[in-house]
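**Q** Following this message is one structure expressed as structure tokens.
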Amino acid sequence: MKTPIISVLVFLFLSSHIFGQSPVGIWQTVDDNNGDIRSEMELYLSDDGKLEGRVHKLMREDAPITCDRCPGEKKDAPLIGMVIVWDLQKDGSKWEGGRIMDPENGKTYNCYIKLESQEKLKIRGYIGLAALGRTQYWYRK
1 MKTPIISVLV FLFLSSHIFG QSPVGIWQTV DDNNGDIRSE MELYLSDDGK
51 LEGRVHKLMR EDAPITCDRC PGEKKDAPLI GMVIVWDLQK DGSKWEGGRI
101 MDPENGKTYN CYIKLESQEK LKIRGYIGLA ALGRTQYWYR K
């Protein structure tokens with residue numbers, strides 16, 4: 001009888017530990033083609049409690065320093081400090097309902113993020129259905 005109770009308590013402890021983790025912090029983005037670190041992103045909570053992310057650092061020496069393909073007020077603005085993830089709201093173990101902009105092409109997508117572990121973050125960008133999108137993984141610095 002003690003074994004099932006202990007198992008449930010261990011499960012609840014581990015679940016609360018994972019669900020209680022925060023995505024706030026510095027994350028390294030990785031090139032999908034070669035695995036090189038491309039940039040560092042800073043995820044933080046805005047004044048209204050939503051999760052946002054801004055470019056913290058560019059790692060490649062040949063990386064553009066301004067967003068020449070971005071629309072509107074972001075066009076030709078410096079990439080470092082630029083908010084490219086916004087409006088994410090916590091929903092259980094995920095942050096959903098947000099937007100992410102790809103500074104390489106200036107396009108904006110729906111997105112959600114989910115902590116896979118304390119060191120690994122899943123970011124899913126999509127148009128329409130989340131099943132028809134692209135996933136990236138960022139790694140905590």
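The sequence shown begins at 1 in our numbering and counts up by one.
Beta carbons are placed, not taken as given, at the ideal position from N, Cα and C, and that holds for glycine.
On a predicted model such as this, the values are computed, not experimentally measured, just so you know.
1. Would you give the residue range spanned by the beta strand (DSSP E) that Ser-39 belongs to?
2. Might you give, ordered along the chain, the residues of its own chain that have their beta carbon closer than 6 Å to the beta carbon of Glu-42, omitting 5 neighbours on each side?
3. Per DSSP, what kind of secondary structure is Glu-61 in: helix, strand or coil?
4. How do the region 67-74 and the region 90-98 stand: do at least 3 beta-carbon pairs fall below 8 Å, yes or no?
5. So does the region 99-118 actually touch the region 76-86, counting three or more Cβ pairs closer than 8 Å?
6. Look at the alpha carbon of Gln-28 and the alpha carbon of Tyr-137, and state the distance between them as a whole number of angstroms.
7. Who are the near neighbours of Val-24 in its chain, counting only those whose CB is closer than 8 Å to its CB and skipping five residues on each side?
8. Tell me the DSSP secondary structure of Glu-73 in three-state form.
9. For Asp-48 and Tyr-112, I'd like the C-alpha separation in whole angstroms.
**A** Here's the rundown:
1. Position 39 of the sequence shown, counted from the first residue, corresponds to residue 39. Annotation for Ser-39: the continuous beta strand (DSSP E) segment containing it runs 37-45.
2. Mapped onto the sequence shown, residue 42 falls at position 42. So the list reads Ile-26, Arg-54 and His-56, once near-sequence residues are dropped.
3. Locating residue 61 in the sequence shown gives position 61, counting from the first residue. Note: Glu-61 maps to coil in three-state DSSP.
4. Per the Cβ contact rule, the region 67-74 is not in contact with the region 90-98 (fewer than 3 Cβ pairs under 8 Å).
5. When Cβ pairs closer than 8 Å are counted between the two stretches, the region 99-118 is seen to touch the region 76-86, the count reaching three or more.
6. As a first step, residue 28 must be located in the sequence shown, where it is residue number 28. As a first step, residue 137 must be located in the sequence shown, where it is residue number 137. Taking the straight line joining both Cα atoms gives about 9 Å.
7. Numbered from its first residue, the sequence shown carries residue 24 at position 24. Annotation for Val-24: Leu-43, Tyr-44, Leu-45 and Leu-51 place their beta carbon closer than 8 Å to its own, counting only its chain and skipping 5 residues before and after.
8. Stepping through the sequence shown from its first residue, residue 73 is reached at position 73. In the structure shown, the three-state DSSP call for Glu-73 is helix.
9. On the sequence shown, residue 48 is found 48 positions in, with the first residue counted as 1. On the sequence shown, residue 112 is found 112 positions in, with the first residue counted as 1. The straight-line gap separating the alpha-carbon atoms of Asp-48 and Tyr-112 is approximately 18 Å.
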